Structures are given as C-alpha cells and as structure tokens.
Amino acid sequence: MPRQAARMSGSRSKSPGVQGAPGKMMVEYKEQKKLAHTAFLQGFFMMVQSAITVVIVDDHPVVRAGIRSVLEQVSDFQVLGEGERGKQALDLVREHHPRVLVLDINLPDMTGLEVAQTLHREGEKTAVLALTAHDDVQTVLGILECGALGYVLKD
21 MPRQAARMSG SRSKSPGVQG APGKMMVEYK EQKKLAHTAF LQGFFMMVQS
71 AITVVIVDDH PVVRAGIRSV LEQVSDFQVL GEGERGKQAL DLVREHHPRV
121 LVLDINLPDM TGLEVAQTLH REGEKTAVLA LTAHDDVQTV LGILECGALG
171 YVLKD
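Basically our numbering = 1-based index in the sequence shown + 20.
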C-alpha cells in the first residue's frame, strides 16, 4: 500500500546513481548525442580523406585507361595522375606522394625496376605494385628486391 500511495501522490523515488531532475537528464542525453554525432562526422571525414591515392604508369594508353576505369569505380581510390615513362613516374610520385604506384616494368626510358629502386633509395613511402607480363621466378624476385610490394600479371 505505501508504494501505491507514493505513485498516486506524484512523488518519485530516486534510483541510486541517478542525479538531478528529469529535465537535467534530458539535457545531458542531448549533449552526449551531439558529441556522438560530432565524433561520427569527424570519423567520416577522416575516412573520406584517407582515400587510397594512386598514380598509374604504363607505356600503353589502353592499359592505363583500363586500370583507371576499374579504380574509379571504387570510391576508396583516387587516381592522381598517369604517365608513360619512368621519369614521369618519378616526377609524379615526388609531386603527389600517392599511397600506391601502379608501375609497368617495361618502360621506354628506364625500367620499372629502376624506378622502384630509385624511389626506395630516396625513402619514398609509396607502395609500388609492378605490372608485368613475365611470371618467371627471376623477374618476380627482381621486382620484389627492388622495393616493390607486389606484382600483377598483365595476362
């Protein structure tokens, strides 16, 4: 009976650990919700800013266009530039500092292996993904020894 009387009279019993009036709890809830929303937006913008940036270097325009087309269909990739020669690869990486360089190993002015070695020697942090038509062990090991993180067969 005493509990019914308390309810009927409109008085509330406070639970242990709950501080303040219901209005204050609502304000605190709204503040926490706002903080959570802000944290979500900050995380979202950091995610957007951390797109995987790519430079593509291959002496065949059709190959470059195909790679660009595939990468642009994925929202996490951003192609920063293209080139057809080793010197262009070095210049593009030095200028843009992409996260990934997709690099043909057979270029007209220098090999992709020489490009990868130069970038590695300079301490460039760009990951090199080599494109090759060769799958023999000597070529693959040579690619990896020059600083490339991986390779993709063109066939």
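Where a beta carbon is used, it is the ideal one built from N, C-alpha and C, also for glycine. Please read these numbers as outputs of a predicted model, since none were measured by experiment.
* Cβ atoms of H116 and L100: under 7 Å apart, would you say? -> Taking the first residue of the sequence shown as position 1, residue 100 is located at position 80. Taking the first residue of the sequence shown as position 1, residue 116 is located at position 96. Contact: yes.
Next item on the list: Consult DSSP for T159 and reduce its assignment to one of helix, strand or coil.
Entry: Along the sequence shown, one-based indexing puts residue 159 at 139. Three-state result, T159: helix.
If you draw a straight line from the C-alpha of H80 to the C-alpha of E104, how long is it?
As a first step, residue 80 is located in the sequence shown; it is residue number 60 there, counting from the start. As a first step, residue 104 is located in the sequence shown; it is residue number 84 there, counting from the start. Each residue's alpha carbon lies about 7 Å from the other.
Quiz prompt | In chain order, each alpha helix (DSSP H) run of at least 4 residues that lies wholly inside the stretch 112-148 | solution = You should have 132-141.
TODO: Helix, strand or coil for V3, going by three-state DSSP, please let me know.
DONE: Only positions 21 to 175 of the chain appear in this structure, which leaves residue 3 out of reach.
Flag this pair as yes or no: are the beta carbons of D96 and I76 separated by less than 7 Å?
On the sequence shown, residue 96 is found 76 positions in, with the first residue counted as 1. On the sequence shown, residue 76 is found 56 positions in, with the first residue counted as 1. Not a contact, by the Cβ cut-off of 7 Å.
| With C-beta atoms as the reference, is A150 less than 7 Å away from I125? | Residue 150 sits at position 130 when you count from the first residue of the sequence shown. Residue 125 sits at position 105 when you count from the first residue of the sequence shown. For the 7 Å CB-CB criterion, A150 and I125 form a contact.
When you compare each of E165, Q93 and S70 to L133 by their alpha carbons, which one comes out closest? Reading the sequence shown from its first residue, position 113 is the one you call residue 133. Scanning E165, Q93 and S70 for the CA closest to the CA of L133 turns up E165.
task = Could you check how far apart the C-beta atoms of T152 and L173 are, in whole angstroms? I think they sit under 8 Å.
result = Taking the sequence shown and counting its residues from 1, one reaches residue 152 at position 132. Taking the sequence shown and counting its residues from 1, one reaches residue 173 at position 153. Going by Cβ atoms, the distance from T152 to L173 rounds to 6 Å, so yes, they are a contact pair.
Per DSSP, what are the beta-bridge partners of L150 in this structure?
The residue you call residue 150 lines up with position 130 of the sequence shown. Just to set this straight, residue 150 is Ala in the shown sequence, not Leu. Residue pairing by DSSP puts A150 in a beta bridge opposite L123 and Y171.
Sequence-distant residues of the same chain with beta carbon closer than 8 Å to T131, five excluded per side: In the sequence shown, residue 131 corresponds to position 111, counting from 1. The residues G106 and I125, in chain order, have a CB closer than 8 Å to that of T131 in the same chain once the five nearest residues on each side in sequence are set aside.
Checklist entry - Which partner residues does V82 have in the DSSP bridge list? => result Looking up residue 82 in the sequence shown gives position 62. Answer by DSSP bridge pairing: none, since V82 is not bridged.
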